[in-house]
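What follows is a short report on a single structure.
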Amino acid sequence: METLVMDNIQLGPNYFCLRLLCPEIAPAYQPGQFVMLRAWAGYDPLLPRPFAIHQTWQRQDQEQQGIDILYQVVGRGTRLMAGLKPGDQIYLVGPLGKGFIIPEGLQSAFLVGGGMGIAPLLALAHKIIRDSRPSPKLSLLLGGKGKEDLLRVKEFIELKVSVHLATEDGSVGHKGLVTEMLPTIIPRQRPQVIYASGPEAMLKKIAHEASYYEIPCQVSLERLMACGIGACLSCVTKTRLAQPPEGLSPDGVSPTPFQYQRVCLDGPVFEAQEVIWNNGAE
C-alpha cells in the first residue's frame, strides 16, 4: 500500500525516526511485527527492506494514526530514506510476522536490546504496562558501541522502566557488551521472562544465560528478506522440532531433529530454546 510520510526526524548521527500515516496498519500491529518498506521509485535498490515497527501513534484531534520506523543509515536504501520529507509517498506492506507473547499475570521482565535492536522494545514496554495489572517491574538492558548509539533511553525512563546501559567504548554505563551485565543482574532480579532484540551473537548469549537460570526467553531474529510473506524462502532459520519424529532426524545424521522456519512468517520472534544458533556450529 502507499502511505504518506508525516515526518522524518534525525535522532543522532545516522539515526532517524520515520513517521508514517498508516490507519490500516497501526490498529492491527503487535509489538515485534515488521513491515516491508520501499522508499524509492526505481529499481536500485531492487528489493524492499524489512523494518521493525518502532511504535504506533494517534492524533485524537485529526483522527490520524500510523507507525514510526526507527532506522540507521547504513547503505543505499537507508540513505534514500534519510532524504524523505513530509508529504512524500512510499510503499509498504504490513504488519507482518509474529510478535512477542506476553504471559498472563506478568510481574517482571527484562527487555534486552543491542543497537538497533531497541526498535521493537519501546512498544513492547508500552503494551506490557498497559495490559498488565498490577503494573509489572520492567528493566531495560541496552548496549551500543558508544553513547550516541543508545536510542530512546529517555522514553523508557518516563515509563518508569529501570535502565541499565552498556557501551563498548565506556562513554556511558558499563564498559563492554550488554550481555556482560546479565550474570550479575539476573540472579538479583530474577525476571519472569526475557525479551531480546539485536545482533545474533548477542541473542545467542542471552539465550544461554536464560537457559542457565531457567527463565523463558523470546528473541527477535534479524534476516535479509526479499518478500516478507514466506514465499521466497530467503530468510529461513534452523529450529528444533517440538516433537521429534521417530527414527532418524530430518537430515539422517544430526542428533538434533530440526526444521527450517521462515523468519518473516514463523517469526521474527521465536522462543530462544527453539533456535539452533549458527546453524548448529559452535
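Residues in the sequence shown are numbered consecutively from 25, following the working numbering. No residue lacks a Cβ here, since even glycine has one placed at the ideal position from N, Cα and C.
Residue i in three-state terms, based on DSSP
i, result
"Phe180", "helix"
"Met226", "helix"
"Glu298", "helix"
"Lys169", "coil"
"Tyr39", "strand"
"Ser244", "strand"
"Ile218", "strand"
"Glu128", "coil"
"Glu319", "Any question about residue 319 goes unanswered here, given that the chain covers just 25 to 306."
"Arg264", "strand"
"Ile33", "strand"
"Ala133", "strand"
"Leu174", "coil"
"Pro51", "helix"
"Gly118", "strand"
"Gly138", "strand"
"Arg157", "coil"
"Leu289", "helix"
"Leu257", "coil"
Rounded C-alpha distance that separates residue i from residue j
i, j, result
"Leu166", "Gly139", "8 Å"
"Ser235", "Leu28", "44 Å"
"Tyr67", "Arg73", "13 Å"
"Thr80", "Ile126", "18 Å"
"Gln131", "Gln216", "7 Å"
"Ser258", "Leu61", "17 Å"
"Leu229", "Gly200", "What sits at residue 229 in the sequence shown is Lys, not Leu. Answer to the nearest angstrom: the Cα atoms are 14 Å apart."
"Glu309", "Asp112", "As displayed, the chain neither begins before 25 nor continues past 306, which places residue 309 out of reach and without an answer."
"Pro281", "Thr263", "9 Å"
"Thr261", "Gly121", "14 Å"
"Gly168", "Pro292", "22 Å"
"Val299", "Pro144", "20 Å"
"Val117", "Ala50", "12 Å"
"Gly245", "Leu175", "Here residue 245 turns out to be Leu, not Gly, going by the sequence shown. Approximately 19 Å, taken between the alpha carbons."
"Met30", "Leu265", "44 Å"
"Ile93", "Phe40", "8 Å"
"Ile239", "Trp64", "43 Å"
"Leu45", "Tyr237", "43 Å"
"Ile17", "Tyr53", "Lying before the first or after the last residue shown, residue 17 is absent from the chain, which here runs from 25 to 306."
"Val59", "Gly194", "34 Å"
"Leu91", "Ile114", "Checking the displayed sequence, the identity of residue 91 turns out to be Ile instead of Leu. Their Cα atoms are separated by approximately 13 Å."
"Leu162", "Met25", "36 Å"
"Gly319", "Phe294", "Residue 319 falls outside the range modelled here, since the chain spans only 25 to 306, and no answer is possible."
"Arg43", "Arg100", "20 Å"
"Pro110", "Gly141", "26 Å"
"Ala191", "Lys171", "It should be pointed out that residue 191 corresponds to Thr in this sequence rather than to Ala. Rounded to whole angstroms, Thr191 to Lys171 spans 7 Å at the Cα level."
"Thr203", "Met105", "31 Å"
"Gly36", "Leu164", "20 Å"
"Arg247", "Met226", "15 Å"
"Val243", "Trp301", "12 Å"
Outcome for residue i when other beta-carbon atoms lying within 10 angstroms are tallied against a minimum of 16
i, result
"Thr208", "exposed"
"Met249", "buried"
"Tyr284", "exposed"
"Ile181", "exposed"
"Gly1", "Any answer about residue 1 is impossible in this case: the structure gives the chain only from 25 up to 306."
"Gln297", "exposed"
"Leu206", "buried"
"Glu48", "exposed"
"Pro55", "buried"
"Arg70", "This sequence places Leu at residue 70; Arg is not what is there. Leu70 should be labelled exposed."
"Pro119", "buried"
"Glu128", "exposed"
"Ala133", "buried"
"Arg212", "exposed"
"Gln57", "buried"
"Ala255", "exposed"
"Val287", "buried"
Distance between beta carbons of residue j and residue i, contact taken as under 8 Å
i, j, result
"Ile152", "Pro158", "Not confirmed; about 12 Å, so no contact."
"Ala147", "Ile77", "7 Å"
"Ala220", "Cys251", "Contact doesn't hold; Cβ gap of about 26 Å is too wide."
"Val187", "Val177", "6 Å"
Residue-chain proximity (residue i, chain C), Cβ-Cβ < 9 Å
i, result
"Val136", "Structure shown: chain C not included; a single protein chain is present."
Alpha helix (DSSP H) segments (min. 4 residues) lying fully within the stretch 53-115: 100-106
What are the uninterrupted segments assigned as beta strand (DSSP E) that are 3 or more residues long and contained completely in the stretch 184-214, given in chain order? 186-191
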